[in-house]
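Protein chains in written order, with my numbering: chain A, 157 to 718; chain B, 2 to 470.
We put the beta carbon where it would ideally sit given N, CA and C, even for glycine.
Below is one structure, written out as structure tokens, with a few remarks after it.
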């Protein structure tokens with residue numbers, strides 16, 4: 157894309173620094189001024205009982221879920237949603253259940269896509285025939301079989317008798333309504349076109365309403381509703397036949413059955429879909445695209461590099477978290493990454509030894525560990541020629557530690573003072589610029605983690621000096637409610653890898669993504685429970701995803717939400 | 002533009018499809034609500050070169066000579082039909098303790114007069130265009146929301162809202178927007194009949210699904226609203242099953258060929274910006290003049306971004322946001338762009354020319370004693386006043402059309418009571434939106450006029466009396 161997004165001007169002019177952060181220990185609890193309530197990390201709050209939480213009964217598929225579902229349902233990889241109006245971004249994630257609505261424009265997009273997909277089936281008879289479970293010569297009898305089997309996959313539950321009959325009528329009406337093809341094929345095309353526009357396809361519908369026999373505050377979901385929750389969490393797509401069979405057999409009515417199914421889904425290649433999608437959104441990888449460096453300072457910079465860096469991060473996550481069954485600690489501390497000829501130099505390697513393909517390399521654990529030392533993160537959160545400890549610090553506090561840092565006030569002068577006199581390094585410039593007392597409320601907690609990364613330049617390359625002066629990476633950082641002293645990034649990363657604050661933050665982000673909603677006070681117990689379970693696994697990602705499926709909020713609806 | 006071919010409709014009838022009697026008339030008639038006035042919002046972003054933006058010659062009658070040499074010069078032919086109100090500031094202001102930087106806040110509050118939420122960066126109130134549409138459009142059909150350049154669902158890219166945290170993201174492909182308005186076009190009668198029959202079959206089935214779901218008493222109010230919005234949209238689609246479209250008009254000739262030839266993969270690009278702007282204006286005029294909607298917006302680019310202007314005599318090296326800060330980097334870390342004010346002036350002039358094109362097109366349709374422009378209020382505004390300082394006082398609001406005589410046009414007027422137009426005084430911009438909402442015929446819950454558009458915790462009540470007739 158040609159448009160660029162700017163770095164939000166975090167550096168605040170002295171007179172303009174407003175309140176919004178308490179200084180020091182209380183970051184995250186400042187609900188009033190930021191509006192960003194963070195009850196789940198409030199150590200004072202008491203947990204009583206795990207709650208089901210409130211989710212709409214009708215949750216529209218996200219655009220990526222739509223595309224994935226069409227792919228798995230029909231065997232057509234059309235990327236139809238590329239021309240849809242984009243999904244709204246809420247709290248950093250594009251799958252917020254409450255905000256996924258269908259306006260007039262999107263209704264037309266759905267119709268257009270359904271018509272194009274039906275047309276594509278006409279043009280690719282082999283794709284169409286692969287969907288038919290019987291001899292097309294049997295006509296309506298075979299169509300009925302198709303409607304039942306296809307309908308169960310499209311609606312993610314068996315059709316009712318009425319629905320079956322309605323689609324049979326659609327099939328019969330199809331003959332002659334397409335440009336070519338047999339009467340049977342045209343009937344099938346029209347059936348597909350109709351399925352793809354039904355609310356039962358476009359939404360994940362949960363109508364279960366009978367309260368639990370033992371706990372009247374919750375409503376158990378049907379097996380099919382659980383199957384959809386599972387597959388959209390684990391695959392970002394529809395359930396497969398095996399999962400629907402398990403639902404039919406009642407196997408998903410118990411926590412054990414859900415766990416077993418979750419583990420099977422996680423072993424499938426499709427599990428990379430949501431793992432990539434979650435990390436892409438949580439780590440704001442779309443911002444890599446804004447990387448832009450001063451060619452005079454960084455002659456090695458190439459405009460296309462950001463895409464390599466993005467894929468580097470995603471491949472790292474796939475390898476460490478799925479292929480190697482990794483943990484939060486691995487995500488933070490694995491010393492190695494993927495490079496190609498273009499990016500190898502950034503890690504002190506000889507680019508001529510690598511091709512265009514990304515290749516795994518081990519890196520010295522004294523210099524590089526995990527995602528926070530990858531060039532994409534470091535270069536995105538930096539200026540064109542110098543680093544930006546403030547941007548790096550804000551990212552760490554917000555995304556890694558879940559501290560509530562408000563947006564900067566408007567009208568700030570983002571210009572750091574020039575290097576002259578006492579100001580010899582970027583760290584000096586940031587310290588001087590944010591030194592007024594009024595800035596400290598936020599900047600004490602922002603700058604400190606940023607300074608830890610001063611051992612990496614604006615391209616993310618290891619450096620010992622800046623401007624001829626040895627870099628100072630030592631810093632005292634607010635981590636949740638405590639202050640810790642660190643010598644530099646390696647030291648900090650080791651701490652974060654074991655930190656309950658950071659682990660709980662990762663869990664909270666996953667909770668939002670997995671449940672398609674922001675957490676509330678009522679979710680405190682659920683998060684507490686998950687945290688206890690996951691601590692025993694060192695925060696293994698697969699275990700985290702399995703544990704999500706074992707919660708009350710995943711397996712039940714709140715009865716009062718009906 | 003030409004009237005639609007009546008025979009095409011006749012051919013559809015001849016096929017004898019049984020559903021014709023069920024055709025609701027609402028979609029093919031000009032909208033009946035309101036008082037005949039329409040609202041069009043036109044958004045430039047990143048502020049202006051303020052040194053050459055405003056009319057010269059002080060306050061008073063707005064004249065062509067006062068616009069000569071300014072960014073408004075391309076509009077001088079409309080001087081007597083415009084108002085340039087001065088001293089309006091954005092509310093909430095950037096010094097209020099609300100989330101978001103200047104671009105975010107300026108964008109989200111522009112038509113909503115509400116702060117954005119820290120949690121999701123979205124406005125907390127419906128925007129005036131969508132409120133007009135909900136109250137006055139047939140069936141409450143949403144306002145037409147068009148975008149020139151890249152689309153995004155994030156805070157920097159949305160200024161129209163269906164409600165709190167419900168962004169109306171702009172369509173940036175005019176061919177898709179056009180097809181939505183006119184329905185099927187260019188098909189022979191047989192092919193058309195096939196499409197119509199398919200859509201009818203699908204609609205029957207889907208309508209049953211929606212009705213059954215809406216009848217389920219387990220649904221929450223929120224679920225029901227959401228489903229109802231979707232179902233309403235589906236029923237609106239019913240109209241173009243008959244090739245009637247939402248409007249009984251269509252674009253012909255070269256513009257149609259151009260629309261048809263658009264490559265969906267390049268509509269977002271800078272190289273298409275100029276063409277997309279012109280085509281979106283054509284689509285907006287069609288929708289407004291032919292009664293598809295009483296409100297619509299066109300937004301150019303996104304806050305803190307924007308194209309590199311390389312057309313119509315502009316030969317820029319840096320994108321719009323960088324120019325607005327006079328710096329070669331978005332984060333001000335680069336070097337100064339020496340002549341950035343001159344370049345920004347060129348950008349302003351270009352937007353003025355697009356605005357003039359929109360006004361000319363609206364003015365080319367007679368309606369009663371006047372033209373469609375006379376029966377509209379067209380507002381050219383911005384997320385910021387000075388992009389360099391992210392300032393929000395004396396915001397650019399260039400108004401055209403009298404809304405059927407509601408506004409006293411031909412004025413360059415300070416509407417605020419403060420000594421300087423830069424004062425935060427009595428003129429938060431929600432008052433402009435209140436005035437527009439009433440001009441178009443919106444009403445409060447009690448049936449009376451709107452007294453305070455936007456979040457009641459911000460801004461001030463009352464219209465801007467000095468711009469009214």
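DSSP places residue 318 of chain B in the coil class of the three-state scheme, outside both helix and strand.
The closest CA to that of residue 45 of chain B, considering only B:340, B:303 and B:230, is found on B:303.
Between residue 175 of chain B and residue 468 of chain B a beta carbon distance of about 32 Å is seen, past the 8 Å cut, so the two are scored as non-contacting.
Annotated as distal: residue 379 of chain A and residue 358 of chain A, with beta-carbon spacing of 8 Å or more.
Under the three-state reduction of DSSP output, residue 612 of chain A falls in the strand class. Linking residue 314 of chain B to residue 47 of chain B through their CA atoms gives a straight-line distance of about 21 Å. Closer than 9 Å at the C-beta level to chain A, one finds these residues of the stretch 172-186 of chain B: 172, 174, 177, 178, 180 and 181. In the structure shown, residue 93 of chain B adopts coil according to DSSP, grouped into three states. Residues of the stretch 415-437 of chain B that bring their beta carbon within less than 7 Å of a beta carbon in chain A are absent altogether. Within 7 Å of the CB of residue 349 of chain A, the CB atoms of chain B belong to 199 and 203, in sequence order along the chain.
The stretch 124-138 of chain B and the stretch 149-165 of chain B touch, with three or more beta-carbon pairs separated by less than 8 Å. Of the residues assessed, residue 472 of chain A falls on the buried side of the cut-off, its CB having 16 or more other CB atoms within 10 angstroms. Taking each of B:361, B:402 and B:369 in turn and checking the Cα distance to residue 375 of chain B, the smallest one comes out for B:402. Look at residue 334 of chain A: its C-beta is under 8 Å from a C-beta on chain B. Taking all protein chains shown into account, residue 677 of chain A has fewer than 16 neighbouring C-beta atoms within 10 Å of its C-beta and is therefore exposed. Between residue 405 of chain A and the set A:314, A:619, A:648 and A:529, the nearest pair of CA atoms involves A:314. Taking all protein chains shown into account, residue 274 of chain A has 16 or more neighbouring C-beta atoms within 10 Å of its C-beta and is therefore buried. Boundaries cannot be given for residue 623 of chain A, as no beta strand (DSSP E) includes it and DSSP labels it neither H nor E.
Residues of chain A with a Cβ closer than 8 Å to the Cβ of residue 207 of chain B are, in chain order, 350, 353, 354 and 355. With fewer than 16 other CB atoms across the displayed protein chains lying within 10 angstroms of its CB, residue 264 of chain B is exposed. Under DSSP, the beta-bridge partners assigned to residue 515 of chain A are A:495. Secondary structure at residue 414 of chain B: strand, using DSSP grouped into helix, strand and coil.
When CB distances to chain B are screened at a threshold of 9 Å, the residues of the stretch 446-464 of chain A falling below it are 446, 448 and 450, in chain order. Relative to residue 61 of chain B, the option among B:114, B:230, B:297 and B:413 whose CA is nearest is B:413. Put simply, the CB of residue 326 of chain A is near chain B, with a gap under 8 Å to one of its CB atoms. With a cutoff of 8 Å on beta-carbon distance, residue 352 of chain B and residue 274 of chain B are scored as not near each other. When the five nearest sequence neighbours on each side are left out, the beta carbons in the same chain lying within less than 8 Å of the beta carbon of residue 284 of chain A are those of 277, 278, 341, 344 and 345, in order along the chain.
Residue 304 of chain A and residue 351 of chain A have their C-alpha atoms spaced approximately 12 Å apart. Residues are counted here when their Cβ sits less than 7 Å from a Cβ of chain B; for the stretch 291-317 of chain A the count is zero.
Taking 4 residues as the minimum length, the alpha helix (DSSP H) runs contained wholly in the stretch 542-608 of chain A are 545-551, 582-589 and 593-607, in order along the chain. Counting along the chain, no alpha helix (DSSP H) covers residue 163 of chain B; the unbroken beta strand (DSSP E) around it starts and ends at 161-164.
In the DSSP assignment, residue 428 of chain A falls within the unbroken alpha helix (DSSP H) covering 428-438. Under the DSSP assignment, residue 712 of chain A falls outside any alpha helix (DSSP H), being part of the beta strand (DSSP E) whose first and last residues are 712-714. Boundaries of the beta strand (DSSP E) around residue 641 of chain A: 638-642.
At a cut-off of 8 Å between beta-carbon atoms, residue 211 of chain B makes contact with chain A. Remark: C-beta atoms of residue 43 of chain B and residue 356 of chain B approach each other more closely than 8 Å.
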